[in-house]
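S.K.:
In the numbering used here, the protein residues as written are 8 to 694.
Written out as structure tokens, the structure is:
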């Protein structure tokens, strides 16, 4: 029979949200790239109003010079080192272009270019540092020490790194498991969210496997260590995230893919435009002016700005609608995907177990309200996720819960309490039925046979089997030693899950794949509701990565959508990773390229559609910039292009493509993307 358990002492590890990674944040100003970008931006913002207000040029000019130095010195120096290695870095070219603009009087334009590139470098450095923080912090899920049981039965507390394969450790209630191993003795329910991503604790009994970093429930376990700390599942997750991040294809914008050829060609052409006329007797000043004009009109500034405004505008628009896209590279990649892999719990589902079925045994004299009232009252003192689901269901119906007495709990079995003078047990059907009195079992089986036409499994077994076939977790309620009914508990599908799956199918041309650590039966049931046909269940983190690699091996560009620690390696390995923000683990949020802040799943296809629209505008802008550059270059080579006119043409093309890209800032752009993402007519939202 269940025995009363003393509440465990407070454990700092237990206060960490299940599946979350303790914060190890790199301070913003600790990064030199951020300090340089902030200084360059501040100096630029001080100089610009002074220049526009007509202040002495010496004042604002000095501020611009400092902005050039703080923001351009490091990329310029790195570019020179790259040049020494026979590589022409586009950052060096931008610094040269900025200095060239300053040399002909366009000091503000050059400073703006420096600020843009310094800020871009700072954002990239910050994203890299924060990801590294979360990867390192993941190791904090595993406790620093463990209790080893010696051969003579004595207990010794020692660092988990000193545990050896074959050691026996004691895991007390409320503690985190110190090492991967197998249960030798005891029974408890262990929260494995950090490994499998599933919200319900798993019952662990002798012979079952447990993982380091998972949170033990109310029972005590003796565990034989089967893996070294460096080879635990949680340590392998860390390695997988790091390796996937390192081996992921280099993140490059479209224009960066041709930057080397363009940069080398422009430098060579500038030298030729300056040197050839000079060799044929043209005056040095005229040749220099022609060469400088050529460098300005042929510089990639317009091309770079033709690429960035649409992507940055799309990022800003998505941000206003609850989607954080971390970089222009990520926004561009979103539009390239042609396959999608979805996590189940917390992504397609709400991530919280809820009571979805209340099945009283009518012959026992209880209706649904009475059954739920008894169950919720008995479960009220419990902290188990299933207990919270039962209590929440009663509260949602406005039920008044009577006081309970004599509450007891037994791991793997359930709870027992006296409610209104009647003894109520709530827990696992198989365990509670096994503990029932022999005469009660005979009575129930006889009644079941009469009611079910001779079904020897009985009414209770039939109800349990029916609920489990639909992917529910069955909970039996026993009143005064007699089964009174069964509750079905499940994680509910998000209201917009089916629409999202359909939209992603239209956008990519193929239905998404479901990757989950849940059991195949529950996964299949939920996938059928959401419209997913390709279901891969019971997966550990490395197996999710394997599924992503398999899709990529078939030539697909995969987008992974998930929320848990166990999803982080797949998010890192994918072409693009998106994390659900509300319940997402810190590691998933940092590893992902985009975060759905408002937790609205339907925002995923809308963001993909917005990215594709941004890519269309990038192509338009590149055509516009190319036409302007080609026209001005031909004019400069075939005739005499006045320097002011060349600058005006160059700046005009930049303004034009910039304004074209800013069209994506309008709310109508998001409405159109959302309409494309759901397959509905865009109507008045057309751009």
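Note that CB positions come from ideal geometry on N, CA and C, so glycine has one too.
Is residue 408 closer than 8 Å to residue 430 when the C-beta atoms are compared?
M.R.: No.
S.K.: Start and end of the alpha helix (DSSP H) containing residue 344?
M.R.: Element bounds for residue 344: n/a, residue is neither H nor E.
S.K.: Check whether the Cβ atoms of residue 76 and residue 129 sit closer than 8 Å, and answer yes or no.
M.R.: No, the Cβ-Cβ distance between residue 76 and residue 129 is not below 8 Å.
S.K.: What residues are listed by DSSP as bridge partners for residue 209?
M.R.: Note: residue 209 sits in a beta bridge opposite 197.
S.K.: In three-state terms, what does DSSP make of residue 189?
M.R.: Residue state, collapsed to three classes: strand.
S.K.: For the alpha helix (DSSP H) holding residue 51, just list the boundary residues, first then last.
M.R.: Residues 39 to 59.
S.K.: Under 8 Å, do residue 392 and residue 414 count as touching if we go by C-beta distance?
M.R.: Not a contact, by the Cβ cut-off of 8 Å.
S.K.: Cβ atoms of residue 338 and residue 321: under 8 Å apart, would you say?
M.R.: Yes, the pair counts as a contact, with Cβ atoms nearer than the cut-off.
S.K.: Hey, which unbroken runs of the alpha helix (DSSP H) at 4 residues or more fall wholly within the region 330 to 386?
M.R.: Entirely contained in the region 330 to 386, the alpha helix (DSSP H) runs reaching 4 residues are, in chain order, 335 to 341 and 375 to 386.
S.K.: Out of curiosity, what's the CA-to-CA distance linking residue 522 and residue 229?
M.R.: Using only the alpha carbons, I get a separation of about 32 Å.
S.K.: Using C-beta distances below 8 Å, list every residue in its chain close to residue 65, excluding the 5 sequence neighbours before and after it, in chain order.
M.R.: Contacts found: none.
S.K.: What number of angstroms, rounded off, separates the C-alpha of residue 682 from the C-alpha of residue 613?
M.R.: Rounded to the nearest angstrom, the two C-alpha atoms are 8 Å apart.
S.K.: Out of curiosity, what's the CA-to-CA distance linking residue 504 and residue 569?
M.R.: Cα to Cα, residue 504 sits roughly 13 Å from residue 569.
S.K.: According to the neighbour-count rule (16 or more other Cβ atoms, all chains shown, within 10 Å of its Cβ), is residue 597 buried or exposed?
M.R.: Flag for residue 597 reads buried.
S.K.: At which residues does the alpha helix (DSSP H) containing residue 623 begin and terminate?
M.R.: Residues 610 to 645.
S.K.: Quickly, what does DSSP pair residue 584 with across the bridge? List them, please.
M.R.: DSSP lists 567 as partners of residue 584.
S.K.: Mind reading off the beta-carbon distance from residue 220 to residue 571? Whole number of angstroms is fine, and I expect it under 8 Å.
M.R.: Not a contact, Cβ separation roughly 13 Å.
S.K.: Could you tell me the distance, in whole angstroms, from the CA atom of residue 547 to the CA atom of residue 573?
M.R.: Near 7 Å, if we compare the C-alpha coordinates of residue 573 and residue 547.
S.K.: What three-state label does DSSP hand residue 491 in the structure shown?
M.R.: Note: residue 491 maps to strand in three-state DSSP.
S.K.: Between the region 285 to 294 and the region 617 to 632, can you find at least three pairs of beta-carbon atoms closer than 8 Å?
M.R.: They do not touch, by the three-pair rule.
S.K.: Are there three or more Cβ pairs, one per stretch, closer than 8 Å when the region 364 to 376 is compared with the region 176 to 194?
M.R.: Cβ pair count under 8 Å is below three, so no.
S.K.: Just list the beta strand (DSSP E) runs in the region 408 to 438, keeping only unbroken ones of 3 residues or longer that don't cross its boundaries, in chain order.
M.R.: DSSP runs (the beta strand (DSSP E)) wholly in the region 408 to 438: 411 to 417, 421 to 426 and 429 to 434.
S.K.: Could you compute how far the alpha carbon of residue 51 sits from the alpha carbon of residue 285?
M.R.: Distance between the alpha carbons of residue 51 and residue 285: 37 Å.
S.K.: So, do the region 490 to 510 and the region 232 to 241 have three or more beta carbon pairs nearer to each other than 8 Å?
M.R.: The region 490 to 510, when compared against the region 232 to 241, does not touch it at the 8 Å Cβ threshold.
S.K.: Using only the alpha-carbon positions, how far apart do residue 604 and residue 584 sit?
M.R.: Going by the C-alpha atoms only, they are around 14 Å apart.
S.K.: Does the beta-carbon distance from residue 588 to residue 600 come in below 8 Å?
M.R.: It is not a contact, given that the beta carbons lie outside the stated cut-off.
S.K.: So what does DSSP say about residue 498, is it helix, strand or coil?
M.R.: Three-state result, residue 498: strand.
S.K.: Candidates 542, 74 and 491: which alpha carbon is nearest residue 42's?
M.R.: When only C-alpha atoms are compared, the closest one is 74.
S.K.: Would you kindly work out how many angstroms separate the C-alpha atoms of residue 680 and residue 405, rounded to a whole number?
M.R.: Residue 680 and residue 405: Cα-Cα distance of roughly 41 Å.
S.K.: Going by other Cβ atoms of all chains shown within 10 Å of its Cβ, with 16 needed for buried, is residue 67 buried or exposed?
M.R.: When all chains shown are included, residue 67 counts as buried.
S.K.: Identify every run of the alpha helix (DSSP H) within the region 500 to 548, keeping only runs that are complete inside it and at least 4 residues long; order them along the chain.
M.R.: Runs found: 504 to 515 and 527 to 537.
S.K.: With distances taken Cα to Cα, identify the nearest neighbour of residue 241 among 616, 434, 638 and 594.
M.R.: For the residues 616, 434, 638 and 594, the minimum Cα distance to residue 241 belongs to 594.
S.K.: Let me know if residue 160 comes out buried or exposed under the rule of 16 or more other beta-carbons within 10 Å of its beta-carbon.
M.R.: Label assigned to residue 160: exposed.
S.K.: Once you ignore the five residues that flank residue 166 on each side, which residues in its own chain have a CB closer than 7 Å to its CB?
M.R.: If we look at residue 166 and ignore the five residues flanking it on each side, its Cβ neighbours are 151 and 152.
S.K.: Are the CB atoms of residue 385 and residue 422 within a distance shorter than 8 Å?
M.R.: Yes.
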